[in-house]
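In the working numbering, the protein residues as written are 105 to 432. Here a beta-carbon is modelled for each residue, glycine too, at the ideal position from N, C-alpha and C. In this text the structure is predicted, and so the values were computed from the model without any measurement. What follows is one structure encoded as structure tokens, with my remarks underneath.
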Ligand code: DGY
């Protein structure tokens, strides 16, 4: 299979995963970080130049896989392996129309993303922004005169989407003396019972939760699922955490709800756009805690994601079933 060419879309690919690919294929790798970003057109040119004749594309970016790129690839392109759980950027319709398979990297990142969800929960509930500002200014409130936060202990935690990440969040919060876990989604999950989480309607989840964790993929159905109407249903002390995709949330509506203290706080690992411009109005809110999309960003997890993507490519190009296929 050494005559088969595999294109890796960025230089940010774990060495262990690169090695797996190189043992089987001729690997081409672009020198740049991302595709199609404004001001980085060289990246795009590079990809368009390298893709013709490649049998697989390993995609390391949340930026869209364009029709232009697929057109340039040619009919020998058999598989796209995105190094991410989310695949909203993968142009599923165009892949399907061309009979190109798609794999993603679910499960291996659930723990790391859940850890960040816990971090966001704490960061938002314990008002890290305001407290870090005190450290930066050297002017600490002392004694009982503190910025007061909220406990996780005794709370109702609502998980939107009890998939791999949602389940991992419940497992991690199990030691926090949460009073009740509830979850919503398409259907009741067998894992829910074992985790002590109760299946409820989305409206019940929104009205009852003290903490709401969004752990669903971005689809037409989930886009802006947190909007003005749904924010209005939440408790005034509600804290929203988003580890899915920025567009799950209508950010203008979230801004208003946080600004007017209609809800208590939010913690976001994902935003629209990314990066969020540093003068974005969301970043003026003391009760919003933002991280720059680091859910899966650990050495171990990124390596596992890369190796899984590499093994999906090997399977696809040697006539075996994909390990983690996306149903197109
Ligand atoms: C994912 O896997 O979808 C993460 O957001 C990293 O891109």
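| Check | Outcome |
| --- | --- |
| Cβ contact check for the segment 213-230 and the segment 378-389: 3 or more pairs under 8 Å | no |
| Continuous alpha helix (DSSP H) stretch holding residue 487: start and end | With the chain running from 105 to 432 in the structure shown, residue 487 is simply not present. |
| Within the segment 348-392, ranges of the alpha helix (DSSP H) (whole runs, at least 4 residues) | 355-363 |
| Secondary structure of residue 236, DSSP reduced to three states | helix |
| Any non-hydrogen atom of the ligand DGY within 7 Å of residue 188 CB | yes |
| Contact test: residue 166 Cβ vs the ligand DGY heavy atom, cutoff 7 Å | yes |
| Bounding residues of the beta strand (DSSP E) (the contiguous stretch that carries residue 185) | 183-186 |
| Near the ligand DGY: residue 114 beta-carbon under 7 Å from a heavy atom | no |
| Host beta strand (DSSP E) of residue 262 (start-end) | 260-264 |
| For residue 405, the first and last residue of its enclosing alpha helix (DSSP H) | 403-421 |
| Separation of residue 158 from residue 355, as counted between CA atoms | 39 Å |
| Close Cβ partners of residue 133 (< 6 Å) along its chain, the five nearest in sequence each way excluded | 112 |
| In DSSP terms, what residue 346 is bridged to | 318 and 372 |
| Heavy atom of the ligand DGY within 7 Å of residue 290 beta-carbon | no |
| Candidates 210, 211, 184 and 189: closest to residue 198 by CA position | 184 |
| Outcome for residue 390 when other beta-carbon atoms lying within 10 angstroms are tallied against a minimum of 16 | exposed |
| Residue 160, DSSP secondary structure in three states | strand |
| Closest Cα partner of residue 249 within the set 311, 208, 235 and 259 | 235 |
| Residue from 166, 308, 191 and 283 with nearest C-alpha to residue 257 | 283 |
| Under 8 Å between C-beta atoms of residue 334 and residue 374 | no |
| Inter-residue spacing [alpha-carbon to alpha-carbon] between residue 192 and residue 327 | 11 Å |
| Residue environment, residue 290, which counts as buried when at least 16 other CB atoms sit within 10 Å | exposed |
| Close beta carbons around residue 272, own chain, < 6 Å, minus the five adjacent residues each side | 214, 215 and 218 |
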